[in-house]
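Chains as they are written, first to last, in the working numbering: chain A, -18 to 92; chain B, 7 to 116.
For each residue, glycine too, the CB sits at the ideal point set by N, CA and C.
Fair warning: this is a prediction, and the values are worked out from it, not measured in the lab.
Reading through the structure tokens given below for one structure.
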Amino acid sequence: GESVGLHLPTLSVQEGDNSIINCAYSNSASDYFIWYKQESGKGPQFIIDIRSNMDKRQGQRVTVLLNKTVKHLSLQIAATQPGDSAVYFCAPRGATNKLIFGTGTLLAVQP
Amino acid sequence: DVKVTQSSRYLVKRTGEKVFLECVQDMDHENMFWYRQDPGLGLRLIYFSYDVKMKEKGDIPEGYSVSREKKERFSLILESASTNQTSMYLCASARATEAFFGQGTRLTVV
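Below, the structure is given as structure tokens:
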């Protein structure tokens, strides 16, 4: 079956530093890979996605890198701010548009 | 704005009861999902529906069933609630890659 795993369950960074959140996946048939952010007490919110035929996509302060050879993707957040503190999930989209989430990484931003 | 509404924020039920969790979305999305979220386990997919009356099992369907009679409504049913089903339940709807989540239902089975 499909599985999604994260290398670091907790990531602590200083405000202003760059953050890198990693994700490993097993389903090679995923056509999109999506990152979500979940703040305390709220449902997850879409951040950015990347199509499987791309290896990099940039958004506002965020960059997604996809390495299909090793089935790994990362979310880079530039100049991390206190408001970035949250749990981050990667979610490969499988056949029939099913979204499978991993366990998540807690990003803690230290002032 | 897309709105996904779950019928209850908090729910307390007794072991053995049949429990219905309702979810309604207002954006005509084809895809709807039910997840449960437990500490340290992330979001686990229970069931997924990609169209009216169409459903697909997720990773943990045991003890649950679903109903999608209308496009906007996706119901999660606990046939006979058990204490290990105490959890936060999250509903979501999506058209493409962006899923929109409800506020969650905190279910406690006693």
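Whole-Å CB distance - residue i paired with residue j, under 8 Å assumed
i	j	result
Y53 of chain B	K61 of chain B	6 Å
L88 of chain A	S66 of chain A	6 Å
I81 of chain A	P92 of chain A	Actually they do not touch by this definition, with Cβ atoms about 34 Å apart.
C97 of chain B	V18 of chain B	With a Cβ gap of about 19 Å, C97 of chain B and V18 of chain B do not count as contacting.
Y69 of chain A	K18 of chain A	6 Å
CA-to-CA distance, residue j to residue i, given in whole angstroms
i	j	result
L(-11) of chain A	F39 of chain B	With a pLDDT of only 49 at L(-11) of chain A, under 50, the local geometry of the prediction cannot be trusted, and the value read off the model is given with reservation. Whole-angstrom Cα-Cα distance: 26 Å.
A100 of chain B	D12 of chain A	15 Å
M35 of chain A	N37 of chain B	24 Å
F14 of chain A	R79 of chain B	26 Å
L4 of chain B	T111 of chain B	Chain B is shown only over 7 to 116; residue 4 of chain B falls outside these bounds and no answer can be derived.
W16 of chain A	R20 of chain B	36 Å
V43 of chain A	Y16 of chain B	35 Å
D65 of chain B	N48 of chain A	25 Å
E23 of chain B	Y70 of chain B	13 Å
F107 of chain B	S81 of chain B	14 Å
N- and C-terminal bounds of the beta strand (DSSP E) containing residue i
i	result
V30 of chain B	29 to 31
T114 of chain B	111 to 115
K18 of chain A	13 to 19
D172 of chain B	For chain B, the structure presents residues 7 to 116; residue 172 of chain B sits outside this window and is missing.
Residue i burial status per 10 Å Cβ neighbour count (16 or more: buried)
i	result
D44 of chain B	exposed
G(-18) of chain A	Confidence is the limiting factor: at G(-18) of chain A the pLDDT is only 44, short of 50, which leaves the residue's position unreliable and the question unanswerable from this model.
T86 of chain A	buried
N90 of chain B	exposed
N(-1) of chain A	exposed
G24 of chain A	buried
L51 of chain B	buried
G46 of chain B	exposed
L(-13) of chain A	Only weak support exists for where L(-13) of chain A lies, its pLDDT of 45 falling under 50; the value from the coordinates is given anyway. The residue in question, L(-13) of chain A, is buried, as its Cβ has 16 or more Cβ neighbours within 10 Å.
T77 of chain A	exposed
A10 of chain A	exposed
Partner residues on chain A for residue i, Cβ-Cβ distance less than 8 Å
i	result
T103 of chain B	Y13, I15, F27, D30, R74
Amino acids of chain B, ordered along the chain, whose beta-carbon sits closer than 8 Å to that of residue i
i	result
T(-9) of chain A	Those within 8 Å of T(-9) of chain A in chain B number zero; the least Cβ separation is about 11 Å.
N48 of chain A	Chain B residues near N48 of chain A: none, gap ~19 Å exceeds 8 Å.
Beta carbon proximity, residue i to chain C, threshold 9 Å
i	result
N34 of chain A	Within the model displayed, chain C is absent; protein chains A and B are what it includes.
Where residue i meets chain B, residues with beta-carbon distance less than 7 Å
i	result
I81 of chain A	L51
Residue i: contacting residues in chain A (beta-carbon distance under 9 Å)
i	result
G110 of chain B	G22, K23, G24
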